[in-house]
Every structure is written in C-alpha cells, then in structure tokens.
Amino acid sequence: MRSCKSCESFRIKRNIMMSQKAIHTWLNKSNKGDKITYYRGYLCDPFLQPIAPTNDRDRVRKLGNAVYKMADAGLLLLVQKKHADFDYEYIAVRK
C-alpha cells in the first residue's frame with residue numbers, strides 16, 4: 138500500500154490526541170531519539186483550535202500535564218511545530 142502526502146495529512150488531522158495509556162506504552166517501547174506527535178491543536182485552549190475544536194478541556198489538560206511530568210522527569214524533550222494560528226503539533230522526543 139502506497140502512502141501519499143494528502144493521506145498522511147488527513148491521518149494526522151484525524152488522530153489529534155493520543156491517550157495517556159498510548160503515550161506510556163510508546164515511552165516504554167521507544168529508544169533514544171524516537172519522536173511521536175501526541176497532540177495536534179492548541180493545548181492552552183482546545184476550543185480555539187481549527188482542527189476538531191473540543192470543549193473537553195479537562196482531558197486535554199490531563200494529557201498535557203502527564204506529558205509535561207514525563208519531560209520534567211528527564212524522559213522526554215518536548216517540541217512544538219506551528220502550522221497556523223492555534224494549530225500546533227506537539228511532539229515528544231525520547232531522551
């Protein structure tokens with residue numbers, strides 16, 4: 138099966154938020170330098186994001202806090218890639 142750029146873009150837009158369980162699983166299986174996009178949108182206020190705005194701020198906040206704690210423990214480096222206003226890709230890099 139061939140991958141195309143527009144298909145990849147659609148996949149990212151459809152899967153904008155990983156679960157905490159999925160992030161922990163990835164963390165346990167990942168190697169130094171591995172990267173994963175754990176959220177796409179605007180962590181500060183997910184209602185403002187252009188891709189799938191959500192009022193589920195509590196779930197988004199919990200995800201952000203969990204990933205931040207992993208970074209604070211020295212397990213991850215956190216990176217952002219801006220696509221547009223209120224549209225960021227939040228990437229975790231395994232240390």
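Residue numbers in the sequence shown follow the numbering used here, run continuously in steps of one, and reach 232 at the last position.
Note that the Cβ used here is the ideal one computed from N, Cα and C, for glycine as well.
Residue range of the unbroken beta strand (DSSP E) whose run includes residue i
{"i": "K126", "result": "No answer is possible for residue 126: the residues shown for the chain start at 138 and end at 232."}
{"i": "I228", "result": "224 to 231"}
Residue range of the alpha helix (DSSP H) that includes residue i
{"i": "E191", "result": "The sequence shown places Thr at residue 191, rather than the Glu named in the question. No alpha helix (DSSP H) holds T191; DSSP gives it neither H nor E."}
Residues that residue i bridges to, as DSSP identifies them
{"i": "M154", "result": "Y176"}
Cβ pair residue i, residue j closer than 9 Å
{"i": "V204", "j": "I153", "result": "no"}
{"i": "M211", "j": "L180", "result": "It should be noted that the sequence gives Gly, not Met, for residue 211. No. Outside cutoff."}
{"i": "G178", "j": "Y225", "result": "yes"}
Pick from the options that is closest to residue i, judged by C-alpha positions
{"i": "W163", "options": "M207, R194, F223, K219", "result": "M207"}
{"i": "V216", "options": "F223, R231, D222", "result": "R231"}
Own chain, CB closer than 8 Å to residue i, minus 5 neighbours either side, in chain order
{"i": "R194", "result": "D182, P183, F184"}
Own chain partners of residue i with C-beta closer than 6 Å, once the 5 adjacent residues on each side are dropped
{"i": "M155", "result": "Y175"}
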